[in-house]
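Just so it is clear: in the sequence shown, position 35 is 35 by this note's numbering, and no numbers are missing. Idealized CB from N, CA, C, for every residue including glycine. Since this is a predicted model, take the numbers as computed values, not measurements. Comments concern the structure below.
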Amino acid sequence: MKKKVQKIQKIQKKITNVRKQSIRRIKGAVNRCQCPNNRLFIIALLTFIAYLLLEVTIRIYNLYRLVPVVDVPSHLVGGAALGCGIFWIVSLNQVKQKGIFTFFLAIVGAFIWELFETLQELIFYNPPYLIDIFWWDGFWDVVVTILGAILAILTIKSNIRWIEKKHKP
């Protein structure tokens, strides 16, 4: 009985040592990681996930038919995701006016988004309540998408300033 207990204790020690070594390796890898703008990437990723969850929820519960104005928050969150993603990509490059550059790319992205929505309606059947009238509904979709991008840019820039002030030597 004593030998079994000793064997179990040895195995437990080995497991503990393996865990400690694994944790050390992971911490070392994280400390060695020189990923550029890691926080901006995570923010962009989370906003894209939020947008996709919102869009999936809207489609699952057929909210475009039941509550047509749900298109507004969808484009607002989509614009925020677009703005965060573009800001992250722009921040990887040596662009001085990141906010302005992101803003103009978000405008281009919003128009491309609406163009694809229009093309999709021409190619695939959509129920009548999903059909956009491009010059009216598409215009407001672009405006709301750009507003979402502006909110994202302002939020990111204010947080960057706050972080820089907080960590100033």
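Span of the alpha helix (DSSP H), counted from its first residue to its last, around residue i
i: Q120; result: K98 to I123
i: I86; result: D71 to S91
i: I43; result: N38 to I60
i: Y64; result: L63 to L66
Option in the options with minimal Cα separation from residue i
i: A44; options: G138, V142 and S91; result: S91
i: A152; options: T47, D141, R24 and R25; result: T47
i: V142; options: Q21, N126, V72 and V56; result: V72
i: V144; options: K4, I89, H75 and M1; result: H75
i: Y129; options: S22, N159, R59 and K20; result: R59
i: E117; options: F104, L105, P127 and I131; result: I131
i: K157; options: N17, T102 and W140; result: T102
i: P127; options: L154, Y64, F104 and L54; result: Y64
i: T155; options: T16, L53 and A81; result: A81
Beta-carbon separation (whole angstroms), residue i vs residue j, contact threshold 8 Å
i: V77; j: Y61; result: Their Cβ separation, rounded to whole angstroms, is 16 Å, which puts V77 and Y61 out of contact at 8 Å.
i: G138; j: E114; result: 5 Å
**Request:** State whether the stretch 36-47 contacts the stretch 11-27, with contact taken as three or more CB pairs (one from each stretch) at a distance under 8 Å.
**Result:** Judged by Cβ distances under 8 Å, the stretch 36-47 makes no contact with the stretch 11-27, as fewer than three pairs qualify.
**Prompt:** Do the stretch 90-100 and the stretch 51-69 touch if we need at least three Cβ pairs shorter than 8 Å?
**Reply:** No, the stretch 90-100 is not in contact with the stretch 51-69.
**Request:** Inspect the CB distances between the stretch 138-155 and the stretch 106-122 and report whether three or more fall short of 8 Å.
**Result:** Result yes; three or more Cβ-Cβ pairs closer than 8 Å.
**Message:** Within 8 Å, do at least three Cβ pairs link the stretch 81-91 to the stretch 116-124?
**Reply:** no
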